[in-house]
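Notes for the one structure printed next.
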Amino acid sequence: MVDELDELYREVILDHYRSPRNVRPLADPDVVEEGNNPLCGDEVVVQLKLKDGRIDDVSVRGRGCSISRASGSIMSEAVKGKTPDDALALSQRFRELMRGSGDDASGLGDAGALQGVRKFPIRVKCALLAWTALEQGLEARVVKAQAGRG
Ligand code: ZN
1 MVDELDELYR EVILDHYRSP RNVRPLADPD VVEEGNNPLC GDEVVVQLKL KDGRIDDVSV
61 RGRGCSISRA SGSIMSEAVK GKTPDDALAL SQRFRELMRG SGDDASGLGD AGALQGVRKF
121 PIRVKCALLA WTALEQGLEA RVVKAQAGRG
């Protein structure tokens, strides 16, 4: 594992792990979604505050390995200020990058640094954990909004 760490833990990842962004809980979130990755023991809680059709504030709190925690921090920065549609599109691109079906890390910002993780398939779930919770939370909300409209 130590050999793998050299490759996995790039500076960006370490920085997010050591100083995770957006970890304080939100007072009155519009979206709350939990995720867990039993393979590794990672847990995450994603909270979103929506305002004027955008993700106004984000909180990502997690427990687990450095990859899952760094990825959660990176996700929180990446989607802040975006519309839910743009956040979902970004998440989809990140997923494609991690699954190896896409090679284009442009526009992904710090998330592109996680590309190296895909060489270690067991850690891909760690990297996707917070993003999956984001997607599920946003999609559940969209379904609710459409149901409410009818
Ligand atoms: Zn993990």
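Last residue of the sequence shown: 150 (my numbering), numbering continuous. Using N, Cα and C, we set each Cβ at its ideal position, and we do this for glycine too.
Remark: C-beta atoms of Leu134 and Val23 do not approach each other more closely than 7 Å.
Not one heavy atom of the ligand ZN is found less than 6 Å from the C-beta of Ser101. Within the same chain, Ile55, Val79, Leu134, Leu138 come within 7 Å of Ala87 by CB-CB distance, once the 5 residues on both sides are set aside. When rounded, the separation of the alpha-carbon atoms in Asn37 and Lys51 is 30 Å. By a beta-carbon distance limit of 8 Å, Gly35 contacts Leu129. Their separation comes to about 5 Å.
The ligand ZN never approaches Gly109 closely enough for any of its heavy atoms to be under 6 Å from the residue's Cβ. Nearest to Leu39 by alpha-carbon distance, out of Gln136, Arg123, Pro29, is Arg123. Its Cα nearest to that of Pro84, the residue Arg141 stands out among Ser59, His16, Asp15, Arg141. Taking 7 Å as the cut-off, the Cβ atoms of Tyr17 and Arg63 do not count as close.
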